[in-house]
Amino acid sequence: MPEKYHIHAEPAEPRYQPVFKLSSTERDQCLGCNDCAKRNCIYDVYKKREFLSSELVDSSGSFCKSCMRCVQECKNNILSKLLNPEYTQIGNSYWTPAILTSLWQQAHAGKIPVSGAGYDGPFSGTGFDDMWTDMSEIVRPTRDGIHGREYISTSIDIGTKLDRLHFNGQELADDLPPMFSLPLPIIFDVPRQAGTWRGVKQAVQQAARKLQTLAFCDDRESTGSHIIPRYSINEKIEPDNSSKMIEIFLESCEGQLIDKAEKLAGEISKSKPGLVICIGLPISKNTAQTVVKLAKNKIGTFHLYANHSGRGTGSDSDYFIKEIVRETHRGLLAESIRDCVTILAGGGIAMAEHVAKLIACGADGVVVDNALLVALECRMCLECLEEEPCHVHIDAIDPQWGTKRIVNLLASWHSQLIEVMGAMGLREVRRLRGETGRVMFFRDLEEECYAPIFGKRVW
Amino acid sequence: MLCTDIRKESMVNIIKTPSRFKNRIGKFAVHRSERCTSCGKCVTVCPYSVFVKAGDKMLRPKSYLCSGLKCAESEKGCVKNCPAGALSVAVNPNYKVLGDYRWTPDLIVSTWYQAETGELPYMEIESDSGNSGGGLDRIRIKARPKESIDPKKVDMRINLNKRNDGRPSLIIDMPIYGGGMSFGSISESTMIGRAKNAAAWNTLTCTGEGGYPEALHPYDNHVITQVATGLFGVREETIQRVRMVEFKYAQGAKPGLGGHLLGDKVTEAVARMRESVKGNPLFSPFPFHSVYSIEDHKKHVDWIKHINPKTLVSTKVSTPTDVEMVAVGSYYAGAHVIHIDGSYGGTGAAPEIAKKNIAMPIDYAINKTHRFLTQEGIRDKITLIASGGLRTAHDIFKAIALGADGVVIGTSEMVALECLRCKNCESGRGCARGIATTDPLLGVMFSVDWAFQRMYNLYASFDKQLRKLVAAAGCSSVTEVVGRTELLLHLDYENNENKDKDG
């Protein structure tokens, strides 16, 4: 039996005090009584707290678990908890403070976020929040993978696949197209601005190697079987022999570019028959039909790009990655060529659930970018896009530390993916691809459950 | 024998049961500045006893009694009538950090108030719905012409045995019972308080998957023994004690994942009850390894029925897309009650990815199941119970109007004991507030009697509100409300004639 894929996590302390949710205030009227509410704190917040002079913060906020007992028990009622203003200001509407702090915690400890009490968020939302995954119930055979009795595989295959084999007598008539497997349905990328930061680049690439996955890379210095060199279509393409795969990135789905890419891909695969050639496309109105067209012409691997919020850029900002992936998946199904093609997609992958959901919508693998920076304590202020210096100096990290943080994040995500698949009764992630029978969409449920009662919904 | 005869503590009344804590958190904060001359005018102005004068000094205002900004800033209010201009009222900053979308700070404070007094709060507080932006939080109960039914005379009883299979009927006096919370996840005061409350209202509570401690024996008639996949503490004797046994196939907050009691919570007593080792974490696997089909499920049900010829059987499942098929299957397997637990339900510990994403919100599942059971012609032969994020009397009424016979609540009971959903029940010593913990020091922060009375008061408030809603719907019995979806409207749908009135 092949070795089980397991990601070993090892705690990696944050460099900065993580931004916490609640801060404390205290009126100056302490009675000095013997039964101090602070002393009774079961989390020893007031014992452990210290003033971090480097950051000018009191560390108590990171130990406090908001039980409010000190607030309610103080004899003179001098303690209060307030929402930390800094907390409300980090991130944006997509990368919410709750997502950022959770990712930091995962990158620190490598553990699945577990908590008590029921779900506390909105009923549903936009983007990835308008769907739920489904689970098997007693009437279906299922398995209990999360507790380790049965192995849930997270391997995927990348490359072109034949729909069937043709034979000439005893001989195979076709050449087998290049293909390889990854033990994890996740490939790394980093946003362009961060890709030039040496420490980040090394951390991402080392983590990719350690996890036996791959990382996209724009420069030609990095080489190795874990690197996917990315070329723009106008560049001279000279892959060295160490890569398993290269990418040709197109700025748009415009016809001439597509023809050129197709021609180029044909030439390269002739000279390097073992190389997987991936075509990178931004998401837009035409993405799905472009992929189908190219796939019919024997291009087998695609990478769909969205921005950091999962959307298209410029006039394509109405398109969300999961919708485009669904449309692409369906388009390929309609042509009966879905199994011949590998779809990778990324942009806006901010939580482990997004990986599962995007795969369920039709991606074979998911490309993770900004989340890797968040593992390195990025606060998604996005000021680096304007070439402003990084507030938390990610450009100066120690690559060893960075590697650990990224590996931890992925350890947590891998476990969460297995949790979700275990609940669905799926034993391998390849079977999750496009399996919308195992998900529920907000719109469909409203239609099915509420329309018969309430009539027509106003969207 | 009609089960109302068993009602043990019918003489219990609402007794005012204040918070355990010295400083109460209310929605509003009344501030008195140094300009105060202690004239005492505010004492006469405020109808809610916020201000108290002791000798010639004013005590600190009891902000938690303040009804809100409307009153305070009105012509007759304290702010305008203070001769020294020393008073101001604002939303309490501590209040702002409570709660979340589903359990808003308003709902938490409102539930605390109901647990203290048995009444809805008089303050400017939204006590009926949360702020999650969908499902029950966007459904409203239609305003209707006044009916002449006396709410006090509304029949609130429901019968859990509709099968006519020769087993006893089990009539509970209200369409609400308590969800499974195991010995090990909650403190003994909490557990026994719940049982005592169930007895007082002649309804039920559930052991959860942690065994049946001796202290529950006096309440046998009001306890459901849960049989879950780990079979912790399940013995023939515990099945024979009770009038209903519940199979827990899944839990709404973490369907498909099984249970997990972290090692820290497995104390000596918990380990003894669960026949395990102190300090070792305990997993309940998913699913029942002996059940892979409805036929297997039937074997399970038959097993329980054989061990206790008088007990009813409830099947607790969560809500996959085909929840209605599961319900039908369960009926054919011989269950009396199908209990569907939606995805936003409570838990002592669950992966956040599961709580948010797996399975269907109960808001959808109720009517879907009700309709299918009706089409199959078996709706009147099985009792449909719903749970998973139902918080208020309005939620309960909506669930019944959507098609449930009754509901199970859990978190509301915990909030009655002053849970504020800080979500730390899963780790370390457990709940800092002494509710969901087995820690020897934390577990004795309140008495059984205090817990009982707080929950009793909350149930009294639910009972009163539900009776009013049922009477207003023109029904003399809560069973008449089941599936009456025309009593509801959804704010996001067209033809929603009462929108302005209720929105």
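Protein chains in written order, with the numbering used here: chain A, 92 to 550; chain B, 10 to 512.
We put the CB at the ideal spot given by N, CA and C, even for glycine.
Just so you know, these numbers come straight off a predicted model, no measurement behind them.
Compare the C-beta of residue 30 of chain B with all C-beta atoms of chain A and state if any pair is closer than 7 angstroms.
Sequence index remark: in the second sequence, residue 30 of chain B carries index 21 (1-based). It does: the Cβ of residue 30 of chain B has a partner Cβ on chain A nearer than 7 angstroms.
Using the Cβ count rule (16 or more neighbours within 10 Å means buried), how would you classify residue 388 of chain A?
Against the first sequence, residue 388 of chain A aligns to sequence position 297. Looking at its Cβ environment, which holds fewer than 16 other Cβ atoms inside 10 Å, residue 388 of chain A is exposed.
Distance check for residue 443 of chain B and residue 455 of chain B, CA to CA, integer angstroms please.
Mapped onto the second sequence, residue 455 of chain B falls at position 446. Mapped onto the second sequence, residue 443 of chain B falls at position 434. The straight-line gap from Cα to Cα measures roughly 7 angstroms.
Cα-Cα, which of A:541, A:534, A:539, A:549 is closest to residue 215 of chain A?
Residue mapping note: residue 215 of chain A aligns to position 124 of the first sequence, counting from 1. Cα-wise, what sits closest to residue 215 of chain A is A:534.
Does chain B have any CB closer than 7 angstroms to the CB of residue 549 of chain A?
Sequence index remark: in the first sequence, residue 549 of chain A carries index 458 (1-based). Closer than 7 angstroms to some Cβ of chain B, the Cβ of residue 549 of chain A qualifies, so yes.
Does the structure place the region 255-264 of chain A close enough to the region 461-472 of chain A that three or more beta carbon pairs sit under 8 angstroms?
Using a C-beta cut-off of 8 angstroms, the region 461-472 of chain A makes no contact with the region 255-264 of chain A, since fewer than three inter-stretch Cβ pairs fall below that distance.
Does the region 408-416 of chain B touch the region 168-186 of chain B, meaning 3 or more C-beta pairs lie closer than 8 angstroms?
Segments in contact, yes.
Going straight from the alpha carbon of residue 329 of chain A to that of residue 359 of chain A, what length do you get?
Taking the first sequence and counting its residues from 1, the one referred to as residue 329 of chain A is at position 238. Taking the first sequence and counting its residues from 1, the one referred to as residue 359 of chain A is at position 268. Taking the straight line from one Cα to the other gives about 9 angstroms.
My assumption, with CB atoms under 8 angstroms, is that residue 112 of chain B sits in contact with residue 139 of chain B. Please give the rounded CB distance.
Here the question's residue 112 of chain B lines up with position 103 in the second sequence. Here the question's residue 139 of chain B lines up with position 130 in the second sequence. Indeed they touch by this definition, with Cβ atoms about 6 angstroms apart.
Going by other Cβ atoms of all chains shown within 10 Å of its Cβ, with 16 needed for buried, is residue 179 of chain A buried or exposed?
Along the first sequence, read from residue 1 onward, the residue named residue 179 of chain A stands at position 88. Under this definition residue 179 of chain A is an exposed residue.
Check whether chain A comes within 7 angstroms of residue 368 of chain B, counting only Cβ atoms and requiring the distance to be less than that.
As a working note, residue 368 of chain B is residue 359 in the second sequence. Chain A, which has a Cβ nearer than 7 angstroms to the Cβ of residue 368 of chain B, makes this yes.
Run through DSSP, which three-state label would residue 376 of chain B get?
Against the second sequence, residue 376 of chain B aligns to sequence position 367. Note: residue 376 of chain B maps to helix in three-state DSSP.
Is it buried or exposed for residue 139 of chain A, if we count other Cβ within 10 angstroms and need 16 for buried?
Taking the first residue of the first sequence as position 1, residue 139 of chain A is located at position 48. Classification of residue 139 of chain A: exposed, given that the 10 Å Cβ count is below 16.
From residue 97 of chain A to residue 313 of chain A, what distance separates their C-alpha atoms?
Taking the first sequence and counting its residues from 1, the one referred to as residue 97 of chain A is at position 6. Taking the first sequence and counting its residues from 1, the one referred to as residue 313 of chain A is at position 222. Spanning the two alpha carbons is a distance of roughly 26 angstroms.
Would you tell me roughly how many angstroms separate the C-alpha atoms of residue 49 of chain B and residue 472 of chain B, rounded to the nearest one?
Sequence index remark: in the second sequence, residue 49 of chain B carries index 40 (1-based). Sequence index remark: in the second sequence, residue 472 of chain B carries index 463 (1-based). So the alpha carbons of these two residues sit roughly 39 angstroms apart.
For the alpha helix (DSSP H) that residue 290 of chain A lies in, which residues bound it at each end?
Residue numbering aside, residue 290 of chain A sits at position 199 when the first sequence is read from its first letter. First-last of the alpha helix (DSSP H) with residue 290 of chain A: 289-301.
In whole angstroms, what is the alpha-carbon distance linking residue 304 of chain B and residue 339 of chain B?
Stepping through the second sequence from its first residue, residue 304 of chain B is reached at position 295. Stepping through the second sequence from its first residue, residue 339 of chain B is reached at position 330. Between residue 304 of chain B and residue 339 of chain B, the C-alpha separation is close to 10 angstroms.
Step through the CB atoms of chain B and report whether any lies within less than 7 angstroms of the CB of residue 158 of chain A.
The count along the first sequence starts at 1 and reaches residue 158 of chain A at position 67. Yes, residue 158 of chain A counts as interfacial toward chain B.
Does residue 290 of chain B have its Cβ less than 7 angstroms from a Cβ in chain A?
Walking along the second sequence from the start, residue 290 of chain B turns up at place 281. It does not: the Cβ of residue 290 of chain B has no partner Cβ on chain A nearer than 7 angstroms.
Buried or exposed: residue 480 of chain A, going by 16 or more other Cβ atoms within 10 Å of its Cβ?
Residue mapping note: residue 480 of chain A aligns to position 389 of the first sequence, counting from 1. It is exposed - the Cβ of residue 480 of chain A has fewer than 16 other Cβ atoms within 10 Å.
Report the partner residues of residue 514 of chain B according to the DSSP bridge assignment.
Outside the modelled stretch of chain B, which goes from 10 to 512, sits residue 514 of chain B, for which no answer is possible.
Applying the criterion that 16 or more other CB atoms from any shown protein chain within 10 Å of the CB defines a buried residue, is residue 159 of chain B buried or exposed?
Walking along the second sequence from the start, residue 159 of chain B turns up at place 150. Residue 159 of chain B comes out exposed.
For residue 235 of chain A, would you say it is in contact with chain B, using Cβ-to-Cβ distances shorter than 7 angstroms as the test?
Within the first sequence, numbered from 1, the residue matching residue 235 of chain A stands at position 144. Bear in mind that the predicted position of residue 235 of chain A carries a pLDDT of just 45, short of 50, making it too unreliable to give a figure here.
Kindly indicate which three-state DSSP category residue 200 of chain B falls into: helix, strand or coil?
One-based indexing of the second sequence puts residue 200 of chain B at position 191. Of the three classes helix, strand and coil, the one that applies to residue 200 of chain B here is helix, per DSSP.
Scan the region 198-228 of chain B for residues whose Cβ lies nearer than 9 angstroms to a Cβ of chain A and list them as they occur along the chain.
none
Quick check: the Cα distance between residue 276 of chain B and residue 448 of chain B, rounded to an integer number of angstroms?
As a working mapping, residue 276 of chain B is identified with position 267 in the second sequence. As a working mapping, residue 448 of chain B is identified with position 439 in the second sequence. Straight-line Cα distance between these residues: approximately 8 angstroms.
For residue 223 of chain A, name the three-state secondary structure that DSSP assigns.
If you number the first sequence from 1, residue 223 of chain A lands on position 132. Reduced to three states, the DSSP call for residue 223 of chain A is strand.
Taking Cβ positions, are residue 204 of chain A and residue 361 of chain B nearer each other than 7 angstroms?
On the first sequence, position 113 is the one that residue 204 of chain A refers to. On the second sequence, position 352 is the one that residue 361 of chain B refers to. Using a Cβ distance threshold of 7 angstroms, residue 204 of chain A and residue 361 of chain B count as a contacting pair.
Would you identify the three-state DSSP class for residue 25 of chain B, choosing helix, strand or coil?
As a position in the second sequence, residue 25 of chain B is number 16, starting the count at 1. Of the three classes helix, strand and coil, the one that applies to residue 25 of chain B here is coil, per DSSP.
Measure the CB-CB distance between residue 377 of chain B and residue 165 of chain A and report whether it falls below 7 angstroms.
In the second sequence, residue 377 of chain B corresponds to position 368, counting from 1. In the first sequence, residue 165 of chain A corresponds to position 74, counting from 1. Against a cut-off of 7 angstroms, the Cβ pair of residue 165 of chain A and residue 377 of chain B comes out as no contact.
Quick check on residue 499 of chain B - is its C-beta less than 7 angstroms from some C-beta in chain A?
Counting from 1 along the second sequence, the entry for residue 499 of chain B is found at position 490. Yes, because at least one Cβ of chain A sits closer than 7 angstroms to the Cβ of residue 499 of chain B.
In terms of residues, what are the limits of the alpha helix (DSSP H) holding residue 341 of chain B?
Taking the second sequence and counting its residues from 1, one reaches residue 341 of chain B at position 332. Unbroken alpha helix (DSSP H) run through residue 341 of chain B: 332-342.
Sorted by chain position, which residues of the same chain lie with C-beta nearer than 6 angstroms to residue 137 of chain B's C-beta, five sequence neighbours on each side aside?
Numbered from 1 along the second sequence, position 128 holds the residue referred to as residue 137 of chain B. Answer for residue 137 of chain B: 401, 403, listed in chain order.
Using a C-beta to C-beta distance shorter than 8 angstroms, which residues of chain A count as neighbours of residue 138 of chain B?
For the purposes of this step, residue 138 of chain B is taken as the residue at position 129 of the second sequence. Simply none; closest approach about 11 angstroms.
What are the complete beta strand (DSSP E) segments, minimum 3 residues, inside the region 347-381 of chain A?
367-373
Is it a yes or a no for the region 34-43 of chain B touching the region 69-78 of chain B, going by three-plus beta-carbon pairs under 8 angstroms?
yes
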